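Chemist: Residue numbers (this note's numbering), protein chains in the order written: chain A, 1 to 395; chain B, 396 to 790; chain C, 791 to 1185; chain D, 1186 to 1580. For each residue, glycine too, the CB sits at the ideal point set by N, CA and C. Every value quoted in this text rests on a predicted model; they were computed, and no experiment measured them.
Number of protein chains: 4
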Amino acid sequence: MTHESKPALGVGMVGYAFMGRAHSHAWRNAGAFFDLPGAPVMVALAGRSRDQATAAAERLGWGAAETDWRELIRRDDVDIIDICSPGDTHAEIAVAALEAGKHVLCEKPLANTVAQAVEMAEAAERARANGVRSMVAFNYRRVPALALARDMVAEGRLGTIRHVRAQYLQDWIVDPEFPLVWRLDVNKAGSGALGDIGAHIIDAAQFVAGDQVTGVSALMETFIRKRPLAGASAGLGAAASGNLGQGTVTVDDAALFIGKMSGGALTSFEATRFATGRKNAMRLEINGSAGSLAFDFEAMNELSFYDNTEDSRTAGFRRILVTEPDHPYAGAWWPPGHLLGYDHTFTHEVKDFVEAIASGTDPSPSFEDGLQVQRVLAAVARSASDRGVWTDVEA
Amino acid sequence: MTHESKPALGVGMVGYAFMGRAHSHAWRNAGAFFDLPGAPVMVALAGRSRDQATAAAERLGWGAAETDWRELIRRDDVDIIDICSPGDTHAEIAVAALEAGKHVLCEKPLANTVAQAVEMAEAAERARANGVRSMVAFNYRRVPALALARDMVAEGRLGTIRHVRAQYLQDWIVDPEFPLVWRLDVNKAGSGALGDIGAHIIDAAQFVAGDQVTGVSALMETFIRKRPLAGASAGLGAAASGNLGQGTVTVDDAALFIGKMSGGALTSFEATRFATGRKNAMRLEINGSAGSLAFDFEAMNELSFYDNTEDSRTAGFRRILVTEPDHPYAGAWWPPGHLLGYDHTFTHEVKDFVEAIASGTDPSPSFEDGLQVQRVLAAVARSASDRGVWTDVEA
Amino acid sequence: MTHESKPALGVGMVGYAFMGRAHSHAWRNAGAFFDLPGAPVMVALAGRSRDQATAAAERLGWGAAETDWRELIRRDDVDIIDICSPGDTHAEIAVAALEAGKHVLCEKPLANTVAQAVEMAEAAERARANGVRSMVAFNYRRVPALALARDMVAEGRLGTIRHVRAQYLQDWIVDPEFPLVWRLDVNKAGSGALGDIGAHIIDAAQFVAGDQVTGVSALMETFIRKRPLAGASAGLGAAASGNLGQGTVTVDDAALFIGKMSGGALTSFEATRFATGRKNAMRLEINGSAGSLAFDFEAMNELSFYDNTEDSRTAGFRRILVTEPDHPYAGAWWPPGHLLGYDHTFTHEVKDFVEAIASGTDPSPSFEDGLQVQRVLAAVARSASDRGVWTDVEA
Amino acid sequence: MTHESKPALGVGMVGYAFMGRAHSHAWRNAGAFFDLPGAPVMVALAGRSRDQATAAAERLGWGAAETDWRELIRRDDVDIIDICSPGDTHAEIAVAALEAGKHVLCEKPLANTVAQAVEMAEAAERARANGVRSMVAFNYRRVPALALARDMVAEGRLGTIRHVRAQYLQDWIVDPEFPLVWRLDVNKAGSGALGDIGAHIIDAAQFVAGDQVTGVSALMETFIRKRPLAGASAGLGAAASGNLGQGTVTVDDAALFIGKMSGGALTSFEATRFATGRKNAMRLEINGSAGSLAFDFEAMNELSFYDNTEDSRTAGFRRILVTEPDHPYAGAWWPPGHLLGYDHTFTHEVKDFVEAIASGTDPSPSFEDGLQVQRVLAAVARSASDRGVWTDVEA
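1) Closer than 6 Å by C-beta to Ala-1306(D): which residues in its own chain qualify, once you throw out the five before and the five after it? Chain order, please.
2) Which residue or residues does DSSP assign as beta-bridge partners of Lys-1050(C)?
3) With a CB to CB cut of under 6 Å and the five nearest residues on each side skipped, what residues in its chain are close to Pro-176(A)?
4) At which residues does the alpha helix (DSSP H) containing Arg-864(C) begin and terminate?
5) Would you tell me roughly how many angstroms separate the C-alpha atoms of Gly-341(A) and Ala-1450(D), rounded to the nearest one?
6) Residues of chain D with a CB under 7 Å from the CB of Trp-962(C): which are they?
7) If you scan the region 1483 to 1549 of chain D from start to end, which runs of the beta strand (DSSP E) of 3 or more residues do you find wholly inside it?
8) Since I believe Pro-504(B) is in contact with Ala-594(B) (beta carbons under 8 Å), could you give me their beta-carbon distance rounded to a whole number of angstroms?
9) Please tell me whether Ser-400(B) has its Cβ less than 8 Å away from any Cβ of chain D.
10) With a Cβ-Cβ cutoff of 8 Å, do Ile-1471(D) and Ile-1382(D) count as a contact?
11) Rounding to the nearest angstrom, what Cα-Cα distance links Ile-715(B) and Leu-698(B) in this structure?
12) Please determine, among Leu-862(C), Arg-849(C), Val-833(C), Trp-1180(C), the residue with the shortest C-alpha to C-alpha distance to Leu-1404(D).
13) Give the DSSP-derived three-state secondary structure of Phe-1459(D) in the structure shown.
14) Report all residues from its chain with a CB closer than 8 Å to the CB of Gly-755(B); omit the five preceding and five following residues, and keep chain order.
15) Hey, which unbroken runs of the alpha helix (DSSP H) at 4 residues or more fall wholly within the region 1188 to 1261 of chain D?
16) If we cut at 8 Å on Cβ distances, does Gly-593(B) have a partner in chain C?
17) Of the choices Leu-377(A), Val-376(A), Val-354(A), Ser-385(A), whose alpha-carbon is the least far from that of Gly-38(A)?
18) Leaving out the 5 sequence neighbours to the left and right, which residues in its chain are closer than 6 Å to Met-1(A) when beta-carbon positions are compared?
19) Per the DSSP calculation, Glu-1470(D) is bridged to which residue(s)?
20) My output table needs one value for Gln-511(B): the three-state DSSP class, helix, strand or coil.
21) With 8 Å set as the bound, which would you pick, yes or no: does the beta-carbon of Asp-296(A) sit closer than that to a beta-carbon of chain D?
22) Let me check understanding here. Comparing Cα to Cα, which of Leu-500(B), Val-644(B), Ala-649(B), Gln-769(B) lies closest to Leu-564(B)?
23) What does Tyr-1491(D) reach in chain C if we use C-beta pairs closer than 7 Å?
24) Suppose the cutoff is 6 Å on Cβ atoms and the five residues either side in sequence are ignored; what does the same chain contact list for Arg-1468(D) look like?
25) Do you know whose CA, among Gly-405(B), Glu-693(B), Ala-689(B), lies nearest Asp-702(B)'s CA?
26) Taking the straight line between their C-alpha atoms, what separation do you get for Ala-1378(D) and Val-1436(D)?
27) Could you name the residues of the region 717 to 730 of chain B whose beta carbon sits closer than 9 Å to any beta carbon of chain D, in the order they occur along the chain?
28) Among the residues of its own chain, which have a CB less than 8 Å from the CB of His-3(A), if the five just before and after it don't count?
29) From which residue to which residue does the beta strand (DSSP E) around Asp-82(A) run?
30) Expressed to the nearest angstrom, what Euclidean distance is found between the alpha-carbon atoms of Gly-263(A) and Gly-87(A)?
31) Taking one C-beta from the region 1273 to 1283 of chain D and one from the region 1515 to 1534 of chain D each time, how about it: are there three or more such pairs within less than 8 Å?
32) If you count every other CB in all the chains shown that lies within 10 Å of the CB of Asp-430(B), and 16 or more means buried, which is it?
33) With burial defined as no fewer than 16 other Cβ atoms inside 10 Å of the residue's Cβ, what is the status of Pro-1192(D): buried or exposed?
34) Pairing CB atoms from the region 1556 to 1569 of chain D with CB atoms from the region 1233 to 1246 of chain D, are three or more of them under 8 Å?
35) Considering only the beta carbon of each residue, do Trp-1247(D) and Val-1199(D) sit closer than 8 Å?
36) My assumption, with CB atoms under 8 Å, is that Gly-642(B) sits in contact with Leu-575(B). Please give the rounded CB distance.
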């Protein structure tokens, strides 16, 4: 099948910062490595500043720039709305897009509140009846090592799961002079480490374990409560604009919780931006009766696996370099041992999303999955504000 | 100073199993590597079975065997009582020995209950007035890497501590057919993973951080509640004696808790015997404003250190091989890069204990330190039995 | 500066297999991450089969397909010829392109013989006088960790270099049933492991050390001399077409050599396709009086550095995660700890090449550099065929 | 069997420095962990200085001190002579001891020259006829991980061996002010890095591979030719006595060679004291058609194993923690995950030597094995002095 013969899939993207750059890269490249059933066309992006949106569109390969996301939805040549703006905007955009019959790919966390997430999941449910697809962008599911981990658990290689241990450790705000960027503002971000990176490990842990957190005891902390107000930001960073004075951090710097999963496993989660020296240590370890798996995103091409069915004489955690042709996604890229990076996870996400649209099936993780993560986040926040008392996750 | 000119220090040891073997090794060798101010003499060990005690004494290098620990205390040539028997026996032996004017080295956990530990700490306090020394054998403090870690924190290399993360992961009872050894019996052991290995990481974490846990939210679990009754045991292991039937596990298989330290750091602890593939993964990570430290006993000669005062361009976790002459204890042994093992930690313990006795100073960790760990254990157990609600550690 | 205002730089690429896919990806994406001084336009690729070239052009994002590389050179809209075809074709294409005033980016090894490489270097020298640029595509120089390593050596962080140790370990032909692909044919590939991967470590080692190999003692081996004839191939792989019979392997499976560098360092190199379990272990370690560096491509985002000026008490190999904004190339991509992959090295190569063209400077590595590597390869082959006797590298 | 009932085996040790301390530790402890068929009695040590020998005997647990090794041989209560003095003394002592009917354990390298080694091997051969045993102390064979590696190769887990890669990297003389200790004097030490640590990796590589080096191309270097004369020394270290002036280093600082083994494998060896930051990195990697093994003494409790018969999807180098009951030697010590150190290798050596004496079998490695290593060393030196030309190892 040649490129021309594939049905065009027009994409409109909202936002063009960190996530926007990552998603653009994915839309630009997915077709060169995967034999997609549709041909993504990067129709337009939307941003509030015309100049910046135009420059971003040029740089990132989009055909046009809009200053209102509603324009993207209005366009007939746009089939997919890709939401890369902060969490407080997700619900309105997603619901509008779904109601307009556009497929929606939405960055995580799905929303800033459970109420918004419910609204979105309901909109997704209604849209699904009309063949309109929706997906929340928990990109870590598309790390080949974690996709392999999921497959191995599903195949029973771990037996009965006893422990699920997840950490997401970063250190980008250890310095008290780091400015008050939007991610430290509860109104924009919903929460701090909890929703930003805690959401990732909740989703990843539940995805790999094939099970859900049912109750938690939690503890949250804001170590540094006043920070310099921020100037312009980019990525996770920003320059403090010294003269703007100080503002109040309204989100958590760190969130810890212990809990149980429905299958009986004990869990332990930690999300923090104060783990000095850990840059993006998104870690997962699962111990089961038949084996164990361990992963650290700082070595994202590797999966550690202990096979408890082996002879104890030669058993050991093996470092699987997840770059073989028979590994998820990896065969499309380079020969074994030629590593993939962070951006490849988004390319895989786009591939799966396009395939789901083409085949008329529901992509995963769904908005319902995003809602469930939101409910875990809510239980964590509730327990943390109530002396750590055991709090059930709303079913 | 020649060996002969050193004052003899007669030692009587109670118990000769796993810990007895380790302590014997230490008494036998400390003088060959450290210039001790006293000459330990391995006078006698005590065990209930005369035959087994006699065989153990011969094998391990003790001059005699007794069948009653009281005999050790009665002997004039015994200056030190070394308690290596299960936790339910500690209080009685230690108090008797201290009252008889014998220095006491007592295995951990100090006792099976806070009440016993209080009694022991009070006896130690009284004995101290008479120049009688006591020490609880948290041997991990004498791992050179952890002693170095403690020194670095004390020197301020970590700045303000934000996170203390400790895990003690083992897997020796994953198999449901593993028998009901004494460590799974609450009457002998006091608790399961919590008191056995959780106690170690509580002490180690507090020691290295130079701070104490003040409150916790906890979760404990017994995954497998019935096991085959055990025959004879050795080390951690035992053979199930298939015909004896089944018994009930009365201790925890795993204990998790999150909490705070008095200096404001968040803590996370996990002790489990169900972490398949982790054999003795006693791990500690501390994140501070100026740096971080990480340790794993499965690579016990290494300490990972991230120096946050370094240029970000060349900063990174460095793997310090703690075998240099200027490292704690290491200079007494071999050239750099020639590793030490588990048993060396006991030799270091004996060295420090003998030096404290000779210099008339109190060795560390004291029975008071052991009592404080006991109080953390009690708070954990209480919180776990009360829906994880925040529980203050008794001061 | 907007995209439109940048001068267009038309690119014509020869070949579209493994390297062609990698180069295409780089041309497609460099402008989205780096603020290039010119706008690459992917004009056309050339391949012998019209159907395959056309399909590849569509898939990889090229505007047209040609069946003769000469057509690319004839086109006025092509400014750059990018040579991704096997080594036996390099000299003819490169010389023709340079003589036609096209800038040339040529895959490594530069040529299959020293004579061809001399011819190419001379053509590059003549073209340079006319402002025409040439570069040999040793992409590993653009791994951020190796670029950082080079900078650190240049800054004197290693002091006097004593040892340069390089290995390139793969295992893709361990199976005797792996077929006789073109890389095992001396007429196509020039040599086996030596020219394919040995060339990479020779260039990388010399680049990072800032020094050149002056003489060698060598040993080469072909472990498996007969293999099934190959069907169609892709990447490094191919399916044996069982019915085609067997053919003779005419290249080396492994090449080892020891030698000296002009600054007095001892070197040790090993290139092999028989290191079972090593997928792309391109490793380099340099020991100097002031420090050491170590690298393994299977963890390509990490650089190990030992600073010998540190206090021995806290010295240790530090794992620098080379993803910081102040690391070479890394700042253009993602936040710290978000890894890069194999393909990014090509994007960096394109960026540097375009910048050199725009600024009228000579990119590095030059064809002269490629020729010097060829001379090392020739000395290795000569020594290996003459009982390992010391063989000077032609100056 | 009780201790008393075991036949006493009197030991006399020559030398009491680094190796003397290590061997004393082994004699002192072997019986406490292994059920030996004989009871070693530490009768006496010999050293030239009466005061130092007496102090060492007291400290290390020997019953007496002699100032002439001949006295040890004369004693009826000495059954075993343990030679821990420098290489230039080995031949005379060993031959005299064997002729006097004493079993001999001799430190490595067996001798400083092939001629001496031949003489020793012949003496061993004659003594063997009289039931007198001899063994050369290549202690690395008794690292449990390397003993396991040997077993795995012997069981065919690696298939046909293609590569044997060995390095012994240290850095203790990187500083030009490090003094001229006896190990840098050819008359005492025979050679430098080559005989000291190169001998270890030659023996270990041949032992694990079960094969012998048949020919080599070599390169040796002395980077720093003048050093301060040394005062008293200990272990590997010494304090320069600044006022003594300078002397000439008469041994190699580094030795590299490539070669072949009789089974067709290619080998690469490097021994150096100039690998800054590597403290005792005695490394071995073997690649075979069915699997690979890797080892680094700086993590001496671990063995890396890649099983090429596994599904490529879950294959990976596994880290075997060699502390299980079914691992060589390990079961006698501690529970799994409780590490062993450098000194344990000597304890294992003593155990095996005592068992061989008791059972009337020849221990391994024999003096013939030591002679064969000496012949490899000689071939390396010869090749290095003859422009690296291929040099066969004398059969």
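Modeler: Quick look at the numbers:
1) The residues are Phe-1552, Glu-1553, Leu-1556.
2) Answer by DSSP bridge pairing, in chain order: Gly-1005(C), Leu-1056(C).
3) If the five residues before and after Pro-176(A) are omitted, its C-beta is found closer than 6 Å to the C-beta atoms of Ile-224, all from its own chain and listed in chain order.
4) Where Arg-864(C) is concerned, the enclosing alpha helix (DSSP H) stretches over 859 to 864.
5) Between Gly-341(A) and Ala-1450(D), the C-alpha separation is close to 36 Å.
6) Result: empty, since nearest Cβ-Cβ is about 11 Å, beyond 7 Å.
7) As far as the region 1483 to 1549 of chain D is concerned, its whole beta strand (DSSP E) runs of at least 3 residues are 1487 to 1492, 1502 to 1506.
8) Contact between Ala-594(B) and Pro-504(B) holds, with the beta-carbon distance rounding to 4 Å and staying under 8 Å.
9) No, because no Cβ of chain D sits closer than 8 Å to the Cβ of Ser-400(B).
10) Between Ile-1471(D) and Ile-1382(D), the gap from beta carbon to beta carbon reaches 8 Å or more.
11) Approximately 5 Å, taken between the alpha carbons.
12) Relative to the Cα of Leu-1404(D), the nearest Cα in the group Leu-862(C), Arg-849(C), Val-833(C), Trp-1180(C) belongs to Trp-1180(C).
13) Here Phe-1459(D) sits in coil by DSSP.
14) Excluding sequence neighbours, Gly-755(B) sits near Gly-526.
15) Restricted to the region 1188 to 1261 of chain D, the alpha helix (DSSP H) segments that are unbroken, complete and at least 4 residues in length are 1203 to 1218, 1235 to 1245, 1254 to 1259, listed in chain order.
16) Output row for Gly-593(B): interface = no.
17) Of the listed residues, the one whose Cα sits closest to Gly-38(A) is Val-354(A).
18) Here the model assigns Met-1(A) a pLDDT of 37, short of 50, so the residue's position is not dependable and the matter cannot be decided.
19) DSSP, once it has assigned bridges, lists Arg-1350(D), Ala-1479(D) as partnering Glu-1470(D).
20) Helix, per DSSP.
21) No, its Cβ sits nowhere closer than 8 Å to a Cβ of chain D.
22) Ranking Leu-500(B), Val-644(B), Ala-649(B), Gln-769(B) by CA distance to the CA of Leu-564(B) puts Ala-649(B) first.
23) Within chain C, the residues near Tyr-1491(D) are Thr-1066, Gly-1067.
24) Sequence-distant partners of Arg-1468(D) (beyond 5 residues in either direction) whose C-beta falls short of 6 Å from its own C-beta, in its chain, are Gln-1352, Asp-1481.
25) Answer by Cα proximity: Ala-689(B).
26) Rounded to whole angstroms, Ala-1378(D) to Val-1436(D) spans 8 Å at the Cα level.
27) Residues passing the 9 Å Cβ filter: Thr-718, Glu-719, Pro-720, Trp-728, Trp-729, Pro-730.
28) Confidence at His-3(A) is low in this model, with a pLDDT of 46, below 50, so the placement of that residue should be treated as unreliable; the coordinate-derived value is given next. Hits under 8 Å: Gly-31, Ala-39.
29) 80 to 83 is the span of the beta strand (DSSP E), which, as asked, contains Asp-82(A).
30) Rounded to whole angstroms, Gly-263(A) to Gly-87(A) spans 31 Å at the Cα level.
31) Result no; under three Cβ-Cβ pairs closer than 8 Å.
32) Answer is exposed; the Cβ neighbour count stays below 16.
33) Label assigned to Pro-1192(D): exposed.
34) At 8 Å Cβ cutoff, the stretches do not touch.
35) Annotated as distal: Trp-1247(D) and Val-1199(D), with beta-carbon spacing of 8 Å or more.
36) Going by Cβ atoms, the distance from Gly-642(B) to Leu-575(B) rounds to 4 Å, so yes, they are a contact pair.
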